[in-house]
Every structure is written in C-alpha cells, then in structure tokens.
Amino acid sequence: MRRKRPTGHLAVLNYLGLMPKMRRKSDLPQKDCATCGRPFTWRKKWASVWDEVRYCSDKCRRERKSDNSVQ
Ligand SMILES: [Zn+2]
Numbered sequence: 000m001r002r003k004r005p006t007g008h009l010a011v012l013n014y015l016g017l018m019p020k021m022r023r024k025s026d027l028p029q030k031d032c033a034t035c036g037r038p039f040t041w042r043k044k045w046a047s048v049w050d051e052v053r054y055c056s057d058k059c060r061r062e063r064k065s066d067n068s069v070q
C-alpha cells in the first residue's frame, strides 16, 4: 500500500518546506544585474546560456567589462 504523496513541482517544494517566495505571474526565473543591480527576467534568447547571464543588457555587460575582471 502506498501513502499518498503530493505531486507536482510546487506541491513537493511546499511539502518539503522549501516553498520559494511567490513568483510573479510570468513564473520565469529572475536574476539581479551584476552592473546596475536591477532584476531582469529570463528571455528566450538566453535559454542556452542562462547560467552565465549576469547582466540585464549589452550596455551593462560592456560597462562591467571595462572593470578589470576577466570573467
Ligand atoms: Zn543592468
């Protein structure tokens, strides 16, 4: 006999006490820009590089590059 378990991503998180704070309607991931600090939302063009995306725009990325960091 099986015990009934919650199903679905959010239900499981809730069950484990890991419920994230409520997302916006879009439910897309967000990050804070490393340059300007503003939050930006996942975009389709970043689908394959989202882990590496750190800036909200090319402008911010360029500004950051003038900083000395290689990364
Ligand atoms: Zn920015």
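First residue of the sequence shown: 0, per numbering that gives the first Met the number 0; consecutive thereafter.
C-beta atoms are modelled at their ideal positions from N, C-alpha and C, and glycine is treated no differently.
_Excluding the 5 residues flanking R53 on each side, which residues of the same chain have their C-beta closer than 6 angstroms to its C-beta?_
A33
*Who's in the neighbourhood of ligand 1, going by beta-carbon under 6 angstroms from any heavy atom, listed in chain order?*
With the cut-off at 6 angstroms, the residues found are C32, T34, C35, R37, Y54, C55, S56 and C59.
*C-alpha gap between D26 and R2, whole angstroms*: 30 angstroms
_Helix, strand or coil, according to DSSP, for K3 in the structure here?_
coil
*Below 6 angstroms CB to CB, which residues in the same chain sit around P38 once its five sequence neighbours on both sides are set aside?*
Q29 and D31
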